[in-house]
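To start, the structure itself, in structure tokens.
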């Protein structure tokens, strides 16, 4: 065989080998890709919490009264509480800033030696509301529902027989959960 023929034969042989190998690669599935799975957790911890708001309607205002007035009652004040759904809680009221051994008292704003006693109730003037130790019981058996819950304050001044001036006391409400 002459050189040219050999070269053509050799080139044809290379061409055929390339075609055969290329077709094998085209029709052979690639095995380079692989996969693996794994699991992960998604978690959330909701803690019990409560908040108390006495600023909205928390002030007990008896208004203007004659010194001869007795059994002055108001029920327009309330304590607003927001607790996590299902959270049990209690509401307590302290004795106020001017209590003596027997009652809560408002102090005169002009004559600081004058006082007017008053009472706070957790229902319609039957059960005194306090801290569970003095001046009444705590409001208990309550459960949060995730929204704002309003608790009315019923207040009464048994007698307004005192000097003419403004009177005031400050009571602290405490929520325990």
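In the working numbering, the protein residues as written are 1 to 177. Note that beta-carbon positions come from the ideal geometry of N, C-alpha and C, so glycine has one too.
Considering Cα atoms alone, identify which of the options is closest to residue i.
i	options	result
residue 86	49, 103, 108 and 106	49
residue 149	37, 53 and 96	53
residue 116	105, 126, 122 and 131	105
What's the C-alpha gap between residue i and residue j?
i	j	result
residue 164	residue 108	9 Å
residue 110	residue 166	7 Å
residue 60	residue 137	19 Å
Cβ atoms of residue j and residue i: under 9 Å apart, would you say?
i	j	result
residue 92	residue 139	yes
residue 46	residue 157	no
residue 146	residue 88	no
residue 152	residue 65	no
If you count every other CB in all the chains shown that lies within 10 Å of the CB of residue i, and 16 or more means buried, which is it?
i	result
residue 63	exposed
residue 39	exposed
residue 120	buried
residue 141	exposed
residue 55	exposed
residue 135	buried
If we cut at 9 Å on Cβ distances, does residue i have a partner in chain D?
i	result
residue 37	This model lacks chain D altogether; it includes just one protein chain.
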